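Number 157 in UniProt numbering belongs to position 157 of the sequence shown; there are no gaps in the numbering.
Positions of the beta carbon are idealized from the N, C-alpha and C atoms, including for glycine.
The structure displayed is predicted, hence computed values, not measured ones.
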Amino acid sequence: MDQIKVYDNFLNSEHLIKCKQIIKDGKWDYGHNSNNNNKMNTPFFYMDLKQNDFFTFELKEKIETELGLKVTVERVYANGQTFGLDGCFHQDSTDSDTITFCLYISPIPNEDIGDIGGNIYFRVPTIEHFTLALEPRYNRGVSFPSSFFHKGAAFNRYVKNMRICIAWKLRVIS
Numbered sequence: 001m002d003q004i005k006v007y008d009n010f011l012n013s014e015h016l017i018k019c020k021q022i023i024k025d026g027k028w029d030y031g032h033n034s035n036n037n038n039k040m041n042t043p044f045f046y047m048d049l050k051q052n053d054f055f056t057f058e059l060k061e062k063i064e065t066e067l068g069l070k071v072t073v074e075r076v077y078a079n080g081q082t083f084g085l086d087g088c089f090h091q092d093s094t095d096s097d098t099i100t101f102c103l104y105i106s107p108i109p110n111e112d113i114g115d116i117g118g119n120i121y122f123r124v125p126t127i128e129h130f131t132l133a134l135e136p137r138y139n140r141g142v143s144f145p146s147s148f149f150h151k152g153a154a155f156n157r158y159v160k161n162m163r164i165c166i167a168w169k170l171r172v173i174s
């Protein structure tokens, strides 16, 4: 479990505002899914961000600083989930030199976080029949080996806004 790292208040206010504005102005596509091979798969919203320098360069440098590693960005995109659009357990890669970094940008009051769902779930590889859940706190970054099985859950039916996670698929170069 020590390979799953949490970075609360990841972005400064300027970067957070810019990030949210890009997502607000962007174009969502519907139909992305976690794993094409799982019959329990549910499609959700997707926004490709690979061509946006803010995500592929500026925020990548921030991630590199926090991780203490140099990386290349293989993919970066936003996932959007509303009630009922839960992901399914999947691996982003089986390569040992890959890391996934997720950033949660849906503003949820801290006093409501335990009641709204939207967690990311991990199957911990070293403990059989054990699942770890992390709350999608506003401006929280989470890094983990891309080989870890994980899934994102949507907010529950009482939450009217979309659960937005920006995901970087990274390859370590040093």
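Check: Phe122 versus Glu135, Asp25 and Gly31, residue with shortest Cα-Cα distance; Outcome: Glu135
Check: Nearest to His90 (by Cα), restricted to the options Leu16, Asp115 and Ser147; Outcome: Ser147
Check: Phe155 versus Ser174, Asn119, Arg140 and Pro109, residue with shortest Cα-Cα distance; Outcome: Asn119
Check: Ala167 burial status per 10 Å Cβ neighbour count (16 or more: buried); Outcome: buried
Check: Bridge partners - Pro145, DSSP secondary structure assignment; Outcome: Ile99
Check: Validate contact between the region 149-163 and the region 62-76 using beta carbons, cut 8 Å, 3 pairs; Outcome: no
Check: Nearest neighbour of Gly117, chosen from Arg137, Trp28 and Ser13 [CA to CA]; Outcome: Arg137
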